[in-house]
Amino acid sequence: MDRTPVWFMRQAGRYLKEYRELRVKYSLLELCRNPELATEVTLQPLRRFDLDAAIIFADILLPLPGIGVDFEFAAGEGPKIHRPLRSPSQIASLAVGEPEDSLRFVLEAIGMVRRELPRQVALIGFAGAPFTLASYMIEGGYSRSFLRTKKMMYLHPNSWRVLMEILVEVTVRYLKAQIAAGAQAVQLFDSWVGALGADDYRQYAMPYSSMIFESLKDQSVPTIHFSTGTAGYLELLKEAGGTVQSVDWRIPIHLAWERVGTDTAIQGNLEPIALMAPPDVLERKVLDILKQVDGRPGHIFNLGHGFLPQTPVESVSAIVECVHEYSHS
Ligand code: CP3
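Okay, here's the thing in structure tokens:
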């Protein structure tokens, strides 16, 4: 690859008119659970932009029902877990299940997308990291303070461990199945782990993320370790594993890269709301990242988190062109 690869988290989704049109007819879960529709949505951004990777259209919460935790996406409110895990006895009743069967629709979609994608475009599979998944299962939805999650960790450490170990096993099996189905890289989303301080990360989250990366070492595909708000302990994220560390905009990318070590590839780290800034401001921010990286191989251009629904499509094209042009010269 003689140019910096670029793709975006949430590159499929509501900022695209063609996605919103499908969402009039189908719920988010219907789109995810139907391999033809999931394939169509995965490919939508690729038709518009010269992206270097596709990410399979799915959601980190899809494995939950197979473990025994049902949920829905409530309109405008995000995910709602029907019976959040509030007691050790609820955790004791969970089971690993058969992720290869209960998530077959994702694996089928991966096979279909792979057949349609040009060879040079990589297909990325993904799963949620144990801490982030547990936070949804315990809080019942998104949380600002993660009060219940942290109380479970501190007050019921054994139940926490049981829950995390179930999530590790499900995630390893699910990601291995995605790779077997055709995913050429997998990303582990630990979106909310930055809510933990370094010591708690080391004790309550890191061992489980490490187990996942360790189990994927023999898989011969790159693994991307995504987190936000973790600039305080990037070294630990690196130690937990991943071929690529994905960092957010709260730290300049060259400093992040020094911290994780230049033997590791890096992904990031544009501020998602910069896409709503005037074109010159956006371009300056994109160029700042590329200048900080300074042509060092191993940079994947991305956002520090996902697109918001308000993202203008012109900004997306502008970034892709800017990254490719700059890094080609
Ligand atoms: O294009 C892609 O990035 C692939 C598809 C994808 C979705 N979810 C589809 C989706 C991916 C990679 C995810 C990951 C995901 N899901 C994460 C980790 C990444 C992150 O953003 O931190 C998380 C935390 C979730 C859980 C989730 N799903 C939330 C909190 C929400 C509601 C918030 C929101 O943006 O509305 C969802 C819904 C969801 N998942 C949408 C999409 C496209 C929203 C669109 C819709 O309702 O149609």
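Each residue of the sequence shown is one higher than the one before, counting from 1142 in our numbering.
Positions of the beta carbon are idealized from the N, C-alpha and C atoms, including for glycine.
Just so it is clear, the structure is predicted and the values come from calculations on it, not from any experiment.
Short of 7 Å from the beta carbon of Gly1338, and not among the five residues preceding or following it, lies no beta carbon of its own chain. Counting only runs that start and end inside the region 1295-1346, the alpha helix (DSSP H) elements of at least 4 residues fall at 1298-1322. For Phe1272, the uninterrupted alpha helix (DSSP H) run begins and ends at Pro1271 to Glu1280, by DSSP. With a 10 Å radius around the Cβ and a threshold of 16 neighbouring Cβ atoms, Val1422 comes out exposed.
Between Val1327 and Leu1316, the C-beta gap is smaller than 8 Å, which places the two residues in contact. In the same chain as Val1262, and ignoring 5 residues on each side of it, the C-beta atoms closer than 8 Å to its own belong to Leu1187, Leu1192, Asp1193, Ala1194 and Ala1195, in chain order. DSSP places Phe1354 in the helix class (H, G or I) of the three-state scheme. Considering only Val1254, Ile1251 and Ser1284, the residue with the shortest C-alpha distance to Ser1332 is Ser1284. Between Ala1406 and Val1385 a beta carbon distance of about 4 Å is seen, short of the 8 Å cut, so the two are scored as contacting. Distance between Leu1226 and Ile1279, taken at the CA atoms: about 5 Å. Between Gly1281 and His1223, the alpha-carbon positions lie close to 7 Å from each other. Of all alpha-carbon atoms in Val1165, Arg1155 and Lys1426, the one lying nearest the alpha-carbon of Ile1394 is that of Lys1426. In this structure, the C-beta of Leu1169 approaches the ligand CP3 to less than 7 Å from one of its heavy atoms. Taking the Cα positions, Arg1260 is about 37 Å away from Tyr1374. Scanning Leu1274, Ser1300, Ser1168 and Pro1450 for the CA closest to the CA of Ser1368 turns up Leu1274.
According to the DSSP assignment, Phe1246 belongs to the alpha helix (DSSP H) that extends over Arg1245 to Glu1257.
His1223: not part of any alpha helix (DSSP H); DSSP gives it neither H nor E. Close CB contacts of Val1237 within its chain, under the 6 Å cut and outside five residues either way in sequence, are with Ile1307, Glu1310 and Val1311 (chain order).
Thr1180 carries a helical assignment under DSSP once its states are collapsed to helix, strand and coil.
Taking Phe1190 as the centre and dropping the five residues before and after it, the same chain places the C-beta of Val1457, Ser1458 and Val1461 closer than 7 Å to its C-beta, in chain order. In the DSSP assignment, Thr1384 forms no beta bridge with any residue. One alpha carbon belongs to Glu1177, the other to Glu1399, and they sit about 42 Å apart.
Comparing alpha-carbon positions, the option among Val1247, Phe1272 and Leu1411 lying closest to Gln1433 turns out to be Leu1411. In this structure, the alpha-carbon of Glu1159 lies about 7 Å from that of Gln1185. Close CB contacts of Gln1360 within its chain, under the 6 Å cut and outside five residues either way in sequence, are with Ile1320 (chain order). In this chain, Ala1406 is not harboured by any alpha helix (DSSP H); it is covered by the beta strand (DSSP E) spanning Ala1406 to Leu1411. In the DSSP secondary-structure assignment, Leu1264 is bridged to Ala1195.
Just measuring C-alpha positions, the residue of Phe1448, Phe1272, Leu1444 and Pro1453 sitting nearest Pro1146 is Leu1444. DSSP, reduced to helix, strand and coil, places His1395 within a helical segment of the structure shown.
According to DSSP, Glu1424 shares a beta bridge with no other residue. Inter-residue distance for Glu1239 and Leu1163 is about 30 Å (C-alpha atoms, whole angstroms).
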